[in-house]
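Quick notes on the structure that follows.
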Amino acid sequence: MQENHLFEYAVIRVVPRVEREEFLNTGIILYCKDKKFLEATIELNRERLNAIGGYAAVQELEDHLLGFQKICRGEVSAGPIAKLDAASRFRWLTAARSTVVQTSKVHAGFSKDPLETLKRLHRELVQY
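Residue 13 is where the sequence shown starts when you use the working numbering, and the numbers rise one by one after that.
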């Protein structure tokens, strides 16, 4: 029998105009210490982005979002943050900031399979 493992996650959001406080959910970042799992999903829906005001530098925005995935995976090309341990990378990525890419507050739960939980959260909170 598989046991449940504590995980933490946050929703990755794009806030095209920070002053309007409107956002688009574009991904999920999930960390599970027990399973040594840290991964992010990314999906930028350009149609929805345009509906809330758009963003001129879409390619730059997509590159920034892909940087989240690279940092999660510890890819050297992502810079010095990617060299930190998984917990530190998760905390750095989910720290509060007032930029175009933000994350929600961190939420916790239990899961037998962090990857399946990540996929489910992505379907429910990003693709809805």
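Quick reminder that beta carbons are idealized off the backbone N, C-alpha and C, glycines included.
Cβ distance (whole Å) where residue 25 is taken to contact residue 36 below 8 Å | Position 13 of the sequence shown, counting from 1, holds the residue named residue 25. Position 24 of the sequence shown, counting from 1, holds the residue named residue 36. That pair is a contact at about 7 Å.
Is it a yes or a no for the segment 73 to 92 touching the segment 116 to 123, going by three-plus beta-carbon pairs under 8 Å?
-> no
Measure how close the beta-carbons of residue 31 and residue 65 come, nearest whole angstrom, since I'm counting them as under 8 Å.
-> One-based indexing of the sequence shown puts residue 31 at position 19. One-based indexing of the sequence shown puts residue 65 at position 53. Going by Cβ atoms, the distance from residue 31 to residue 65 rounds to 10 Å, so no, they are not a contact pair.
Exposure label - residue 101; buried when at least 16 CB within 10 Å = Locating residue 101 in the sequence shown gives position 89, counting from the first residue. That one is buried.
Can you grab the Cα-Cα spacing for the pair residue 138 / residue 132, in whole Å?
-> As a position in the sequence shown, residue 138 is number 126, starting the count at 1. As a position in the sequence shown, residue 132 is number 120, starting the count at 1. Taking the straight line joining both Cα atoms gives about 10 Å.
CB residue 81 to CB residue 52, shorter than 8 Å?
-> Translated into the one-based positions of the sequence shown, residue 81 becomes position 69. Translated into the one-based positions of the sequence shown, residue 52 becomes position 40. A contact, by the Cβ cut-off of 8 Å.
Mind checking residue 122: buried by the 16 CB within 10 Å criterion, or exposed?
-> What you label residue 122 is simply residue 110 of the sequence shown in a count that begins at 1. Classification for residue 122: exposed.
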